[in-house]
Each structure stands twice: as C-alpha cells, then as structure tokens.
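As structure tokens, the structure follows; a few thoughts come after it.
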Amino acid sequence: MTDEQCMGRALELARQAAAEGEVPIGAVLTKEGRIIAEGHNRRETGKNALCHAELEAISEGCRVLGGWRLWQCTLYVTLEPCPMCAGAILNARIPRVVFGAKDPKAGSCGSVINLFNFPFNHHPQIEQGLMQEECAAVLQEFFRQLRQRRKTQK
Numbered sequence: 016m017t018d019e020q021c022m023g024r025a026l027e028l029a030r031q032a033a034a035e036g037e038v039p040i041g042a043v044l045t046k047e048g049r050i051i052a053e054g055h056n057r058r059e060t061g062k063n064a065l066c067h068a069e070l071e072a073i074s075e076g077c078r079v080l081g082g083w084r085l086w087q088c089t090l091y092v093t094l095e096p097c098p099m100c101a102g103a104i105l106n107a108r109i110p111r112v113v114f115g116a117k118d119p120k121a122g123s124c125g126s127v128i129n130l131f132n133f134p135f136n137h138h139p140q141i142e143q144g145l146m147q148e149e150c151a152a153v154l155q156e157f158f159r160q161l162r163q164r165r166k167t168q169k
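Take 16 as the starting number for the sequence shown in this note's numbering and just add one per residue.
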C-alpha cells in the first residue's frame, strides 16, 4: 500500500471515531506495506485517557507481531502525536511516523515540542503533512458541529 492509501484508511477510522462522538483521530500501523493494526480515538466511550488512536494501533501491533518492538513498522496518524503517544512510539521503537495535521496545542513532533530530538536511544523519522488538508478538515468539521450542538442546547 502507498502512504496515501494508509493515510486514507486512517482518515476512515477518524470518521468512524467522529460518528461515535469521539474526537476524529485515526491511526494505522503497517509492516512491509501491509496494515497489521488500526486504532481510533475512544477516550469518551472507553472513559479512559489512554484510549488514543496511536496507542490502540501500537497495542494491537504488539499483539499481532508477538512482541513490543515494532522496529519494522510505520505508523500513520491523522493528527500529530501528543507527548504520551510520542513516548509510546519511542518505546515501541517505531522507525517511521507519518502524520497529517499539526497539533498546535499538544503536538510533540515539532508543533509544541519535538520529543524525538531529545537524547533518547531511538529517533524515528517523522514525515508531516500527508493529506494535511483532509485530516484537518475532519477535525474542524467535528468541532464546528460540536460547538453548534452546544449552542443549540443552551
């Protein structure tokens, strides 16, 4: 699969999250060009701060591959990873991360901070901006609708 196809699947997962009332973030983990794991944001439905799309995909990838080292994988995510997810990426030894939209509030791959520039023992390659407009549009539409619903309820 191409990078665009993988991000396209992550966008489908983000839209699924939105349909469930979750902030629309999707993640796909690949090995040798094949999707081996997926995740989408489930913090509200799971009532758990750890239920980020990236963590779901990483957890499933570890299960599928039978180990915690994901050194042959690429992670695609629709929004720049937060500090928690960046830490999981480091710990899982994921060598390549591709994200769509920047996160100016919590982005840890360059927007607020770049955790991968610190002297850890692993430094993934980061590629940003793949399908950025589509990824940002899904988030913007979700929050526009949320604001409208809240306004209507008042």
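For glycine and all other residues, C-beta sits at the position ideal for the given N, C-alpha and C.
*Helix, strand or coil for ILE73, going by three-state DSSP, please let me know.*
helix
*Applying the criterion that 16 or more other CB atoms from any shown protein chain within 10 Å of the CB defines a buried residue, is ARG57 buried or exposed?*
buried
_Going by the DSSP bridge assignment, what does GLU142 pair with across the sheet?_
VAL113
_Reduced DSSP secondary structure (H/G/I, E/B, other) of LEU28_ = helix
*Have a look at PHE135, CYS100 and ASN132 and flag the residue whose alpha-carbon is nearest the alpha-carbon of ASP118.*
CYS100
*Can you tell me the Cβ-Cβ gap for ASN132 and SER123, rounded? I've got them flagged as a contact below 8 Å.*
Contact flag wrong, Cβ pair sits at about 10 Å.
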